[in-house]
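In this note's numbering, the protein residues as written are 188 to 454.
Just so it is clear, CB atoms sit at the ideal spot from N, CA and C, and this is done for glycine as well.
Since the model is a prediction, treat every value here as computed from it, not as a measurement.
What follows is a short report on a single structure.
Spelled out as structure tokens, the structure:
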């Protein structure tokens, strides 16, 4: 059984890690390199670094900051924000990223997913989907948003997920805009629906507030989200939960989680 992953997310604006609620009301949460080092040492399985203002401001990701961050950690590292070309993907991978995350640019130019996958392999291409639930109707539906959650594309999240995977996305980073920063729990129906629609790993993001929420997102059982990984921000940045507490809890529940390195070594 493939191990589930715990992935801290570093949302960066103007060179600082920030966190908000429903994509607004951003507050400072620390230095990205410092936080990246802390989470790498604490036993995180991967990191995600998102320059959340890049697409909205029409500029490229902060490559120099990415390079310093990547040099400081020893775990796989995904970078996203403002990537609009194969050249942009190349620059980030050369700066030390293991994967790149495409969001607004993939909607604008879906073939960028194909070009990136053909050149670097599907394992390097993550497509981020920011989804918000549509009002009314059953079963529920979700629209895809871009530009940091500012613009509704009108695309259906499930259909879009299927399309980008067909184009070459090796992973989906799925954020519930309704849950983002609320600590009210992941959108389990959304996570489950996208996971069932595609045959690649799905990272659940948006809404974690406690250990039960993380376990529910990763659970493959009835009512669970069935995600391959859980993305976390506020809970870790604010010191509410630690990597050790999360992994200890998930292991106790019988979920397939990589143990912390120091435990694995018996120290």
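Here residue 268 is near residue 237, since their CB atoms are less than 8 Å apart. Judged by DSSP in its simplified three-state form, residue 189 adopts coil rather than helix or strand. Take the alpha-carbon of residue 218 and the one of residue 202: they are about 8 Å apart.
Where residue 377 is concerned, the enclosing alpha helix (DSSP H) starts and stops at 375-384.
Taking every protein chain shown into account, the CB of residue 399 has fewer than 16 other CB atoms within 10 angstroms, so this residue is exposed. If the five residues before and after residue 328 are omitted, its C-beta is found closer than 7 Å to the C-beta atoms of 321 and 343, all from its own chain and listed in chain order. Collapsing the DSSP output to three states places residue 255 in a helix. By the Cβ neighbour-count rule, residue 261 is exposed, with fewer than 16 other Cβ atoms within 10 Å of its own.
By the CB criterion at 8 Å, residue 392 and residue 196 fall inside the cutoff. The C-beta distance from residue 394 to residue 407 rounds to 19 Å, too long to fall under 8 Å, and the pair is not in contact. Partner residues in the beta bridge of residue 358, as assigned by DSSP, are 313.
Bridge pairing for residue 319: 330 [DSSP]. A direct Cα-Cα distance of roughly 13 Å separates residue 360 from residue 332. If you draw a 10 Å sphere on the C-beta of residue 291, you find 16 or more other C-beta atoms in it, and that means buried. Under the rule that a run must span 4 or more residues, the alpha helix (DSSP H) segments found entirely inside the stretch 377-430 read 398-405 and 421-424. Each of 275, 288, 273 and 271 was checked against the Cα of residue 264, and the nearest Cα belongs to 288.
Pairwise C-beta distances place the stretch 348-355 out of contact with the stretch 365-379, as fewer than three of them are shorter than 8 Å.
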